[in-house]
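In what follows, a structure is listed as structure tokens, so that the remarks can point back to it.
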Amino acid sequence: MAEYDPIIRDIVEYVYHGQITEEHVYQRARVALLDALGCAIETLHLSPDCRALVGPVVSGTVVPGGVRVTGTDHVVDPLKGAFDLGALIRYLDHNDAYAGAEWGHPSDNLGAILSVADWLSQQDTKIPLRTILTAQIKAYEIQGILQQTNAFNAHGLDHVILVKVASTAVAAWLLGLSESAALAAVSHAWVDGHPLRTYRQAPNAGPRKGWAAGDACMRAVHLALLTQRATVGIRTAISAPRWGFSDALYAGQEVTRAFPYGSRVMETVLFKLITAEGHGISAVEAAVQAGEVLRQRGVAQENIADSIRAIRIRTQQSAVTIIDKTGPLRNAADRDHSLQYMVAVALLKGSVVETADYLDDSPWATDARVDALREKITVTEDLGFTADYYDPQIRSVANAITLELADGEVLEEVVVEFPVGHHKRPETLDGVMHKFRRNMSVMFGSEEVESIIQAAHNDETPIYIQE
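Printed below as a string of structure tokens:
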């Protein structure tokens, strides 16, 4: 009988036997976990659309011993729990990010991890925080390492394929499946067929990009549970001629990885301290700095739009592909993936964009000055920025903005190579904790928030989702 494909074997070998020994990696994982939970609470507070998605499939259903959806009174099965938590963490595009040939958000996997952990905690299995952090680090690593060299987007596939794969592997481990069962589960994740990027790209960008991660988490938990019962694996799920993933969906390309699995991704993940698609965060920072130059020259904030003739943005190739968006913006999901929109709003506000600025009821969504500035923006790829973006030793996410004034004067270009939230910015972790406290404050008192932080620093804390 054929062996499982190497990619599948390597994933399971890492999950079941990989050792994470560096304490600073666990410290970053704690911060990342808190950040994701804060994003979930922020979503509950700000997004009625996402609130409508969470809860039991059949209204009023309460699952005995089920998953308690954070911030709500819903008690659901572990599949719906994975969907709900994954959607809440991801929906407002404020959770962490990681880039490579593919793009993605490693904390998406926490939807599956926390759902399985909470469900098991209602049974006889008590899972300590250290175990959850280990699963989290490994899910981040699987997704991020495979993102480095595999451009699923180039074939129209969405990056949540890797959420499904990584979450299936760690869910199997948390559930106590044997390695052979985990191999089977991960093989099924590869042959599932996979969502298209259609819902992330103009002219169809829309809310599904906010719940796609939850959908992947839900499927991952389902596959792990099915395999727990007896499902047979598919050994050449990736490599089988004609019918395998590579030939059927990946144009015959091999799925590869450039680095061994370790803890690289957790150590370098980008935290979203500004609510903007990750490739545009440094552009928002540059826009705020450029606006400050105008104010120092005596331009009143209300006159900034009229004072600008043209805005030129140099950026990386990924930003051009994902967020260089002109024409009508039809919803919040459209706006938060428009580089032009986020730069225009930052210039007009004189400060960074926030979650509420993308919503349909935001004054910026209908402000004619925003569209006027968007029309003045040209976006071009800078090959140096692209090279540094892909270089694993640099991993910048650079943007540069040049303003041409109405009188023809061209101001000095503003360049930001490493956005706030990047691991090379020393203020990042303090900024994440400030963001967490702010997000949690809409539902919890300060003492409760501090007790949550304290619990997150105790490896023996039992994991459950607070109602």
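Residues 1 to 467, numbered by my numbering, are exactly what the sequence shown covers, in order. No residue lacks a Cβ here, since even glycine has one placed at the ideal position from N, Cα and C.
1. Could you tell me the alpha carbon to alpha carbon distance between tyrosine 16 and serine 180, rounded to whole angstroms?
2. Find the nearest neighbour of isoleucine 281 within the set His105, Val416, Leu53, Ala139, judged by alpha-carbon distance.
3. Provide the residue span of the beta strand (DSSP E) that contains asparagine 474, from first to last.
4. To the nearest angstrom, how far is the alpha carbon of aspartate 10 from that of isoleucine 274?
5. Quick one: what's got a C-beta closer than 7 angstroms to threonine 386's C-beta in the same chain, skipping five residues either side?
6. Please list the terminal residues of the continuous alpha helix (DSSP H) segment that includes arginine 264.
7. Return the chain-ordered ranges of every alpha helix (DSSP H) run that is complete within the stretch 386-467 and spans a minimum of 4 residues.
8. How is the alpha helix (DSSP H) around glutamate 381 delimited, first residue to last?
9. What is the residue span of the beta strand (DSSP E) that alanine 310 lies within?
10. Which same chain residues, not among the five before or five after leucine 249, have their C-beta less than 6 angstroms away from its C-beta?
11. Please say whether alanine 332 and aspartate 360 have beta carbons closer to each other than 8 angstroms?
12. From the DSSP output, in three-state form, read off valine 114 for me.
13. In three-state DSSP terms, what is tryptophan 173?
14. Where does the unbroken alpha helix (DSSP H) through isoleucine 281 begin, and where does it stop?
15. For glycine 327, verify whether its CB is less than 7 angstroms away from any heavy atom of the ligand ZN.
16. When the Cα atoms are used, what is the spatial distance from valine 160 to glycine 408?
17. Using CA coordinates, which residue listed in Thr402, Lys126, Gln148 is at the minimum distance from leucine 114?
18. Hey, asparagine 399 and alanine 283: beta-carbon distance below 8 angstroms or not?
19. From tryptophan 243 to tyrosine 4, what distance separates their C-alpha atoms?
20. Can you tell me whether arginine 68 is helix, strand or coil according to DSSP?
21. How many angstroms separate the CA atom of glycine 298 from the CA atom of lysine 349?
22. Considering alanine 185, what are the terminal residues of the alpha helix (DSSP H) in which it resides?
23. Using CA coordinates, which residue listed in Pro392, Leu347, Leu223, Pro207 is at the minimum distance from alanine 172?
24. The alpha helix (DSSP H) spanning valine 12 covers which residue range?
25. Does the stretch 254-261 come into contact with the stretch 376-390, if we say contact requires no fewer than three beta-carbon pairs (one atom in each stretch) closer than 8 angstroms?
26. Sorted by chain position, which residues of the same chain lie with C-beta nearer than 8 angstroms to aspartate 382's C-beta, five sequence neighbours on each side aside?
27. Looking only at its own chain, which residues have a Cβ that is under 7 angstroms from the Cβ of leucine 486, when we skip the five neighbours before and after it?
28. The alpha helix (DSSP H) with tryptophan 211 in it runs from where to where?
29. Please look up how many angstroms separate the CB atoms of glycine 66 and aspartate 77, rounded, as I've assumed it's under 8 angstroms.
Let me lay it out:
1. Here the alpha carbon of tyrosine 16 sits roughly 11 angstroms from the alpha carbon of serine 180.
2. Of the candidates His105, Val416, Leu53, Ala139, the one whose C-alpha sits nearest the C-alpha of isoleucine 281 is Val416.
3. This structure cannot settle anything about residue 474, because the visible part of the chain is limited to 1 through 467.
4. Between the C-alpha atoms of aspartate 10 and isoleucine 274 there is a straight-line separation of about 35 angstroms.
5. If you ignore the 5 residues before and after threonine 386, its C-beta comes within less than 7 angstroms of the C-beta of Gln316, Gln317, all in its own chain and listed in chain order.
6. Arginine 264 -> alpha helix (DSSP H) spans 264-268.
7. With a minimum length of 4 residues, the continuous alpha helix (DSSP H) runs that stay inside the stretch 386-467 are 428-440, 446-456.
8. That residue, glutamate 381, is in no alpha helix (DSSP H); its beta strand (DSSP E) goes 377-381.
9. Its beta strand (DSSP E) spans residues 308-315.
10. Excluding sequence positions up to five before and after leucine 249, its CB lies less than 6 angstroms from no other CB in the same chain.
11. It is a contact, given that the beta carbons lie within the stated cut-off.
12. Correcting the residue type first, residue 114 is leucine in the shown sequence and not valine. The answer is helix: DSSP assigns leucine 114 an H, G or I state.
13. If DSSP states are grouped into helix, strand and coil, tryptophan 173 belongs with the helices.
14. Residues 281-296.
15. No copy of the ligand ZN appears in this structure; indeed no ligand is present at all.
16. Answer to the nearest angstrom: the Cα atoms are 45 angstroms apart.
17. Per the C-alpha coordinates, the member of Thr402, Lys126, Gln148 positioned closest to leucine 114 is Lys126.
18. For asparagine 399 and alanine 283, yes; Cβs fall inside 8 angstroms.
19. The alpha-carbon atoms of tryptophan 243 and tyrosine 4 are separated by roughly 15 angstroms.
20. Here arginine 68 sits in strand by DSSP.
21. Spanning the two alpha carbons is a distance of roughly 16 angstroms.
22. Counting along the chain, alanine 185 sits inside the alpha helix (DSSP H) bounded by residues 179-190.
23. Closest option to alanine 172, Cα to Cα, is Leu223.
24. That run of the alpha helix (DSSP H) goes 6-17.
25. Flag = no, the stretch 254-261 and the stretch 376-390 do not touch.
26. Non-local beta-carbon contacts of aspartate 382 in its own chain, meaning distances under 8 angstroms to residues more than five positions away in sequence, involve Arg314, Thr315, Gln316, Ala398, Ala400 in chain order.
27. No statement about residue 486 is possible, as the shown extent of the chain runs from 1 to 467 and does not include it.
28. Counting along the chain, the alpha helix (DSSP H) containing tryptophan 211 begins and ends at 208-229.
29. Contact holds; Cβ gap of about 6 angstroms.
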